[in-house]
Every structure is written in C-alpha cells, then in structure tokens.
Amino acid sequence: MSVNRSIRISRRSFLSGTLLAFAGTALAACAPAAQPTVQPTAATAAPTAAAATAPTAAPTTAVEPTAATESTASAAGSTSLSPDALKAAKGKQKVVWWSWTPQKNDSIMKVLPGITRMYPDLEIDLERRNIEWGQYPQMVKTALAAGNAPDIIDIYEAAVSTMDLAAGGQLVDLAPYLEMDTEWKKGLLPSALKSDSWNGGSHYFTLPLSVNNVMVWYNKSLFEKAGVQVPTTLDELKAAAKALRAQKIQPLVFGVSDQWQAGDMFLTLAAQIAGDKLRAADMRQAKWTDDSLVATMKAFKDLLDSGILADGISGISSTDAGNLYMAEKAAMMLNGSWALSGLDQWPAGLFDHTGVFLFPKVKEGATPVAVGDYSQNGGLWVNSKALAPALAMYRFLSLDKEAQAIWLPLGEIPVIPWDTSTVKDPVMKAFVDAQPNAFTRMIYDSQANAALLAGIQGLCEGKVTPEEVMDTTEKSARQGELPFLKD
C-alpha cells in the first residue's frame, strides 16, 4: 500500500532462511499501503536470474527537502517543456538518473539506443546511479539541499515521497506538458496514469515506466484436497477457509509483523468498500474516519474473526508467509506480480499447481479488482539542466513497445496496453489482464500511512478496534492544505 508501500525486501531462497522470493519485489516498484517497507529488488533479467541483495531498512521519515520555492519552482520547470522542445534535443545529451535498483540497469541500457526510433537525432549518455536503499533517501535530501540533484529522481513513497517533494517545489509538474502531448497521455493505461495523478489529474509530478498489482495466489492441489473451488464471494471464501482448516491447512496468509502486506489487504478491501474516498482522505479532502473507511477496517477484522486468515497472523512476516505457502502449509497468500521474478527459488513443481484470483466480492454490488501502483517511477528535478532530453528518454521508455517489454521478465507490467495473447505464462497473463482495472495501492501521506499500518498490526493483535485505528490515522495525517491542491 504505500499504504504505500512497505519497503519490499529482495528475494532470496527461503530454504536458506533468508528472504523469500515471494516476499519482495523490485524496489522500483511501488508497493502500497501504510508504512511500506522497501520493495524487494527484482531479478536482474528473467525469472531465473539470481536475486539481488536485500535493501537495508527504510528510514522512518520521508525526504522533506527545504530548497526550492514551492509556489513557482514546479511551474517554472514545466514552462520550458513542450513536444517541440523534446524534438529539438539533438546530439549526445547527458542525463543523470538516481535509483536503488541495479537489477534493472542492463535491461534499460540495452533498449535505450532505440530512442532513435522516436527521436532520430538524439543520443542519451545515461548515468544511472544506484544507491543502497538505506542511504538513498538521505542522499536525495542532501543533493536537493545542495542544488545538485539528479535530472531524474526515482520515487518510493515510504521515504522519498512525491507529496513532500512536490510540496517543496522540487519536482516538475508535467500536467501542462501532457496536455500538449496527448499521444503520450492517451497512450498510457488509465490505471497506471492515475497512480501519479493529483487532484483529479490537475498535476503529475511523476510518471510510471512499469506497474504491478496484487492478487491472491493459491495452491490448486490443496484446494482440490479440501474440495473447494476458487471463491467468488466472501461467504464462499469463509466456507473454503473452513474446509481447508478441516484438512489442517492454513487458509490465507500474508505478512503482518512487517506490515506492508497487511496494508495491501486493507487496500484490497477498500477498493470494494471505500472506493475513491480513500484517495480523498489521502489528499486531505476527506477524513480517515469516514464511514466507508471505518467499514473497510471492520471488514478486515471480519477476516480475522471468521478464520479466513492464518493462525497467529499478527506475528507472521512477509517472509514467513512465503515460507508457509512454499511449504504447502497455507493454501493462499496475498502477493504481487513481482514474485514471478523469483521462480528459480521455488520448490520443484509448486508453480505448476499455483494460480491467482481476484479477492472475492465482499458486498453486494461491489466489483473485485486487483490493487496496483507504479513500480518503476520517477520525477524530473525542477532545476535540471537536461529537462528536455531527460523527458524525451522517459517518454521513449514508457511508450515504445520494445522498451516496455523489458518489464515482464522482472514480474512487472507495461504501462501501455498489452496484447495478453503474447504472454504465455497464465499467472503473469492474469496480472496483466487485471491491471487496466486496478485500484490504487498507494497512500502518499507517509504519516497517515505509518499510522494505518501500525494500527492494522494492533488490530491483528487484538489491542485496538477498527474505529480506533482510523481515528489514530486521521490524527496522524498530514495537516493543512497541500499547496498544489488549491486548484
């Protein structure tokens, strides 16, 4: 959730006792939910590639740059950008791009020369610097304060927050440019673009290159053993959980002790119960104590009370959840498409009887959807000296089909409409099919996010009520009007 995103951890063999492949995803991907942990790093190329080392823990506070004047900086950066300005960028142009995902470098560098298909006279001399996750937020903050930030800043809401950078006037608002470049704006999946939209599309401070989403993974053999089918309603899920328990199989598992997957569960329920009210609360245009959000938290508690969630869920981490699924002691787990990049770490044969499905309908009239958000996502520094070539490169990477194809082997999803008939793996195909209708997996307010995730953990431990969780989240949320939401 950024609910955001928990910092997802990198995948390592569960057999060795390190982080499980299913536990994390590429750091560049956005995770959702309240106090996200850093997304796990994705594999370097195909799902069989070795996983990267796990990032260190995320800082507890988001970047809050003090440089730049918030009222004019973003606007000033955007006025120099136009489709003609991008076409006028010629020759060899240096672009500096900071991130924390070295496993993506080779794929990006391999397709980058293809930019001549879109800009025949432009060559990008790309310096893609990858900084250890634990150091990244402070490095960004220091560079911004010193006035020597990179042209492109990768964003992860757990610590390098769009909300904070935008409020500080450090990111170019790309909305005016997108109004001129309708080919780009209309070429992206609406669900992908919406993750980066502020105030109903009035502002875009970042744009995605790839996205991901979360669904329920399930063990077909364990379902067959218990005599259950894929549930389509909450009542059917409760019945399935009862039948699985009768076979001494834990039903649904996800990480609660490290919080980010619990945030995904909350957002999955919010998609059906609260809808756009969640984003309104995040933008301080509604309260976290709204009836629909309280009802969402009550629905979460119902999952606990009805036996759908695994025993001892409050003490289970995302790594533990993956281990339970891998050991075939749990029949279902909530996780994202990024897990596909770690299949080389799975026990032999397990993936052959694994499928995914949308979390069932929780109330009459609701529509089950996946929750998703950006994975690879960046913003332009407002004082960059290479705005046009940097944006031209970003435009190419997000619209060119060959460039977009690099994300599928990493368990990430293209941001342009994709012909799913070309996706051979049925699990990945299900994730790609679900993306156009995906609900946000992002909470931008890092303070509200942290309170919400901590509250969910307290709820699972039986220490607080749903009402108390949402009341604390409201009291912890960022106060005051955001300068870029005045319009």
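Under the numbering used here, the first residue of the sequence shown carries the number -12, and numbering increases by one thereafter.
Virtual Cβ for every residue (Gly too), placed ideally from N, Cα, C.
Quick caveat, the model's predicted, so the values are computed rather than measured.
Compute the Euclidean distance between the alpha carbons of residue i and residue j, then round it to the nearest angstrom.
| i | j | result |
| --- | --- | --- |
| Glu448 | Gln122 | 32 Å |
| Ala60 | Asp160 | With a pLDDT of 43 at Ala60, under the threshold of 50, the modelled position of this residue cannot be trusted; read the value that follows with caution. So the two alpha carbons sit approximately 9 Å from each other. |
| Ala273 | Trp247 | 23 Å |
| Ala117 | Met380 | The amino acid at residue 117 is misidentified as Ala; the sequence shows Asn. Rounded to whole angstroms, Asn117 to Met380 spans 18 Å at the Cα level. |
| Trp537 | Leu321 | Here the chain covers residues -12 to 474 and nothing more, so residue 537 does not appear. |
| Ile430 | Ala417 | 25 Å |
| Leu175 | Val198 | 11 Å |
| Ala162 | Thr409 | 33 Å |
| Met270 | Arg465 | 9 Å |
| Val369 | Val83 | 13 Å |
| Gly262 | Arg428 | 12 Å |
| Ala258 | Ala318 | 23 Å |
| Met167 | Ser69 | 7 Å |
| Gly294 | Ala353 | 22 Å |
| Lys462 | Ala268 | 12 Å |
| Trp333 | Leu209 | 17 Å |
| Lys299 | Lys350 | The amino acid at residue 299 is misidentified as Lys; the sequence shows Gly. Going by the C-alpha atoms only, they are around 26 Å apart. |
| Ala33 | Gly398 | No answer about Ala33 holds up, because its pLDDT of 29 lies below 50 and its placement is not dependable. |
| Phe253 | Asp289 | 12 Å |
| Met126 | Trp405 | 36 Å |
| Ile142 | Leu131 | 14 Å |
| Ala105 | Lys74 | Note on identity: in this sequence residue 105 is Met, with Ala being the wrong assignment. Each residue's Cα considered, the two are about 9 Å apart. |
| Lys77 | Glu110 | 7 Å |
| Met214 | Tyr312 | Residue identity check: residue 214 is Gly in the sequence provided, not Met. Using only the alpha carbons, I get a separation of about 18 Å. |
| Ala179 | Thr306 | 28 Å |
| Phe383 | Ile403 | 12 Å |
| Thr169 | Ala72 | 15 Å |
| Ala373 | Gly188 | 25 Å |
| Leu194 | Thr407 | 23 Å |
| Thr103 | Lys79 | 12 Å |
Return yes when the Cβ of residue j is within less than 7 Å of the Cβ of residue i, no when it is not.
| i | j | result |
| --- | --- | --- |
| Glu455 | Val281 | no |
| Thr276 | Met457 | yes |
| Ala435 | Thr452 | no |
| Ile393 | Ser148 | no |
| Val243 | Ile303 | yes |
| Ala377 | Leu367 | yes |
| Gln237 | Ala297 | yes |
| Val240 | Val343 | no |
| Asp112 | Lys81 | yes |
| Asn135 | Ala421 | no |
| Ala146 | Pro177 | no |
| Leu224 | Pro423 | no |
Looking at the structure shown, is residue i part of a helix, part of a strand, or coil, going by DSSP?
| i | result |
| --- | --- |
| Leu158 | strand |
| Val419 | helix |
| Ala268 | helix |
| Tyr361 | strand |
| Thr53 | Here the model assigns Thr53 a pLDDT of 41, short of 50, so the residue's position is not dependable, and the following value carries that caveat. Three-state result, Thr53: coil. |
| Ser219 | Residue identity differs from the one stated: residue 219 is Thr in this sequence, not Ser. The answer is coil: DSSP assigns Thr219 none of H, G, I, E or B. |
| Thr452 | coil |
| Arg465 | coil |
| Gln475 | With the chain covering -12 to 474 only, the question about residue 475 has no answer from this structure. |
| Arg428 | coil |
| Gln237 | strand |
| Phe210 | helix |
| Asn516 | With the chain running from -12 to 474 in the structure shown, residue 516 is simply not present. |
| Ala45 | Caution applies to Ala45, whose pLDDT of 37 falls short of 50 and renders its modelled position unreliable; the value that the coordinates give is listed next. Coil. |
Per DSSP, residue i forms a beta bridge with which residues?
| i | result |
| --- | --- |
| Ile111 | Gln80 |
| Tyr191 | Ser184 |
| Ile323 | It is Gly, not Ile, that sits at residue 323 in the sequence shown. Partner(s): Val201. |
| Gly366 | Ile140 |
| Ile400 | Val198 |
| Trp275 | DSSP lists no partner for Trp275. |
| Trp171 | Bridge partners of Trp171: none, in fact. |
| Asn117 | Ser86 |
| Ala317 | Gln237 |
| Thr480 | The shown model of the chain, from -12 to 474, leaves out residue 480, and the question about it has no answer. |
Residue i: which of the options sits nearest, CA to CA?
| i | options | result |
| --- | --- | --- |
| Ser324 | Ser178, Met202, Gln259 | Met202 |
| Tyr219 | Ala213, Lys212, Ala227 | Reading off the sequence shown, one finds Thr at residue 219, where the question assumed Tyr. The shortest C-alpha separation from Thr219 is found at Ala227. |
| Leu395 | Gln234, Ser182, Gly366, Leu327 | Leu327 |
| Ser279 | Lys288, Met270, Asp339, Leu265 | Leu265 |
| Met150 | Asp432, Asp263, Glu315 | Asp432 |
| Leu439 | Met313, Glu399, Lys128, Asp245 | Asp245 |
| Asp183 | Tyr205, Ala153, Lys74 | Ala153 |
| Leu158 | Lys128, Ser178, Lys348, Leu224 | Lys128 |
| Tyr361 | Ala425, Leu224, Leu330, Ala308 | Ala425 |
| Gln444 | Leu330, Ser301, Gly329 | Ser301 |
| Glu389 | Leu99, Trp87, Gln90, Asn92 | Leu99 |
| Trp120 | Lys316, Asn310, Gly309, Glu144 | Glu144 |
| Asp138 | Gly155, Gly156, Glu114 | Glu114 |
| Leu196 | Ala441, Asp412, Lys411, Gln363 | Gln363 |
Is residue i close to chain B? Criterion is C-beta to C-beta, closer than 7 Å.
| i | result |
| --- | --- |
| Pro404 | Judged by its chain identifiers, the structure shown contains no chain B, having just a single protein chain. |
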